Each structure stands twice: as structure tokens, then as C-alpha cells.
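Enquirer: Attaching a single structure in C-alpha cells format; questions to follow.
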Amino acid sequence: MAVLLVLTPTVLLSPPSPPLPLLVARTGDTAPPDADADAADAAGAGAAAPGSGVPSVGRAWPVGIRPRVLRGWEPPETRYGRGHRGVDLAAAPGTPVRAVAAGRVSYAGRVAGRGVVSVELSGTGAPPLRTTYEPVLPSVEKGAEVAPGEVIGTVAATGSHCTAPCLHWGLLRADVYLNPLALLPPHLLGGPSRLLPVLGVPLPE
Numbered sequence: 065m066a067v068l069l070v071l072t073p074t075v076l077l078s079p080p081s082p083p084l085p086l087l088v089a090r091t092g093d094t095a096p097p098d099a100d101a102d103a104a105d106a107a108g109a110g111a112a113a114p115g116s117g118v119p120s121v122g123r124a125w126p127v128g129i130r131p132r133v134l135r136g137w138e139p140p141e142t143r144y145g146r147g148h149r150g151v152d153l154a155a156a157p158g159t160p161v162r163a164v165a166a167g168r169v170s171y172a173g174r175v176a177g178r179g180v181v182s183v184e185l186s187g188t189g190a191p192p193l194r195t196t197y198e199p200v201l202p203s204v205e206k207g208a209e210v211a212p213g214e215v216i217g218t219v220a221a222t223g224s225h226c227t228a229p230c231l232h233w234g235l236l237r238a239d240v241y242l243n244p245l246a247l248l249p250p251h252l253l254g255g256p257s258r259l260l261p262v263l264g265v266p267l268p269e
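Okay, so the sequence shown: first residue is 65 according to our numbering, each after it adds one.
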């Protein structure tokens with residue numbers, strides 16, 4: 065027996081159903097991928113942005129290993145505007161302060177009553193990038209060549225603008241302030257990145 069199929073105009077004119085979305089998830093992780101921000105972003109400091117002009121030449125944190133960022137970099141809207149021209153890292157007085165990258169000490173002394181060490185970073189263009197550390201009791205002198213991770217002083221007990229003991233770490237090119245965290249590669253900021261499995265299939269160990 066022949067069966068007559070009748071398709072109404074409503075069925076013929078209905079749009080096709082949308083395809084099912086791909087499932088992208090981390091194994092054992094229910095948060096969206098962007099929830100896994102690195103330590104610097106979580107502290108409001110931010111990492112290197114594309115086009116920042118700051119090479120990731122850093123090989124060590126100035127103090128400790130991934131110290132707590134008490135206050136992040138807040139670039140002023142104008143040259144003399146309000147802002148925070150660097151980052152404040154939690155560090156007790158007497159904590160060793162290390163050069164984040166290779167360079168030459170361009171200043172070691174006192175500025176406005178605070179101990180300051182400044183290091184011009186090698187291979188960062190002209191004018192070179194310059195890191196600053198304060199308040200510091202310097203253990204190096206102007207002109208000294210320093211290696212990444214080399215101790216350049218200790219955190220001073222006085223002269224900090226933080227409410228808790230800290231080291232203020234700055235970065236400049238000429239007289240333009242930049243984000244010092246941009247010097248550090250991702251593995252120093254927040255650990256190695258993880259691949260995302262597709263369609264809910266876990267990646268092999």
C-alpha cells in the first residue's frame with residue numbers, strides 16, 4: 065500500500081535546527097578557561113600585553129618566588145597624573161632583593177630618603193629598559209654588572225609607601241613608566257599553561 069506523506073508549508077519553511085555546540089572542558093575543571101587567570105592578573109597587576117614593547121627577559125622575581133602583589137601597576141592618564149608607577153611585592157625587611165635580568169647598575173643610593181637601586185637591562189634597545197627597586201639597602205655599586213637572580217641588596221626597614229612591608233618594583237624606558245610584570249615569562253607568573261581537551265575527552269597523561 066502506498067503511503068502518502070503530506071508536508072505542510074510550516075514544516076517546509078521552518079529553518080534547520082542549529083548544530084550542537086562543541087564541548088570544550090578541562091579535565092576535572094568546571095570553570096570556564098578564562099577563570100584560570102595567573103597570579104598577577106588575580107592581583108590586579110596584569111601581565112605583558114601584546115605590543116607593550118617589553119621583552120620577557122626576566123629570569124627571577126625581585127623577591128622570593130611568586131610573591132604576593134600588594135598593589136599592581138596603574139598607569140596614570142597623564143605624565144603627572146595619579147597612578148601607581150610599578151608594583152608592590154610583599155617582602156619583609158632584610159629579604160634579599162635580586163636583579164630580575166642581566167644588566168648594569170645605573171644607580172645605587174638614596175632618593176628622597178629611600179634606598180634605591182636601578183639596573184639598565186642588557187639587550188633591551190635604546191634607550192634601554194631600566195628596573196628600579198626601593199626601599200633597598202644596596203649591596204652593589206654604580207657600574208657593576210649583574211646577572212639574573214644576583215642579589216643587589218636587601219629590603220630596607222624604612223622608606224616604604226606600603227601599609228605592609230613591601231618592595232616597590234618599577235620599570236622605565238627613558239622617562240616612560242611600564243608594567244614590570246611584563247618582563248616575566250608566563251612560567252614565572254603563573255605556571256605552565258594547560259591544553260584543553262575537546263569534546264570532553266581527557267588528554268593522555
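Each residue gets a CB set at the ideal place from its N, CA and C atoms; glycine is no exception.
Keep in mind it's a predicted model, so treat the numbers as computed, not measured.
(1) DSSP three-state label for Pro249, please.
(2) What is the residue span of the beta strand (DSSP E) that Cys230 lies within?
(3) Would you call the region 176–192 and the region 131–138 touching, i.e. three or more CB-CB distances under 8 angstroms?
(4) Less than 8 angstroms between the C-beta atoms of Ser203 and Val215, yes or no?
(5) Inspect the CB distances between the region 238–258 and the region 205–215 and report whether three or more fall short of 8 angstroms.
(6) Starting from the C-beta of Gly150, find all residues in its chain whose C-beta is less than 8 angstroms away, skip the five residues before and the five after it, and write them out in chain order.
(7) On the criterion of 16 or more Cβ atoms from any shown chain inside 10 Å, does Glu198 qualify as buried, or is it exposed?
(8) Which full runs of the alpha helix (DSSP H) of 4+ residues lie inside the region 139–214, going along the chain?
(9) Do Val169 and Val210 have their C-beta atoms within less than 8 angstroms of each other?
(10) Report yes if the CB atom of Gly175 is closer than 8 angstroms to the CB atom of Pro126, and no otherwise.
(11) Do you know how far the Cα of Cys230 is from the Cα of Gly122?
Expert: Looking at the atomic coordinates:
(1) The residue you call residue 249 lines up with position 185 of the sequence shown. Coil.
(2) Start at 1 with the first residue of the sequence shown, and residue 230 comes out as number 166. Here the beta strand (DSSP E) through Cys230 covers 230–237.
(3) no
(4) One-based indexing of the sequence shown puts residue 203 at position 139. One-based indexing of the sequence shown puts residue 215 at position 151. Yes.
(5) no
(6) For the purposes of this step, residue 150 is taken as residue 86 along the sequence shown, with counting starting at 1. If we look at Gly150 and ignore the five residues flanking it on each side, its Cβ neighbours are Trp137, Thr196, His232, Trp233, Gly234, Leu235, Tyr241, Pro244.
(7) The count along the sequence shown starts at 1 and reaches residue 198 at position 134. Buried, since its Cβ has 16 or more Cβ neighbours within 10 Å.
(8) none
(9) Mapped onto the sequence shown, residue 169 falls at position 105. Mapped onto the sequence shown, residue 210 falls at position 146. Yes, Cβ-Cβ distance for Val169 and Val210 is below 8 angstroms.
(10) Position 111 of the sequence shown, counted from the first residue, corresponds to residue 175. Position 62 of the sequence shown, counted from the first residue, corresponds to residue 126. The amino acid occupying residue 175 in the given sequence is Val; Gly does not appear at that position. Cβ atoms of Val175 and Pro126: not closer than 8 angstroms.
(11) For this step, residue 122 is matched to residue 58 along the sequence shown. For this step, residue 230 is matched to residue 166 along the sequence shown. Using only the alpha carbons, I get a separation of about 20 angstroms.
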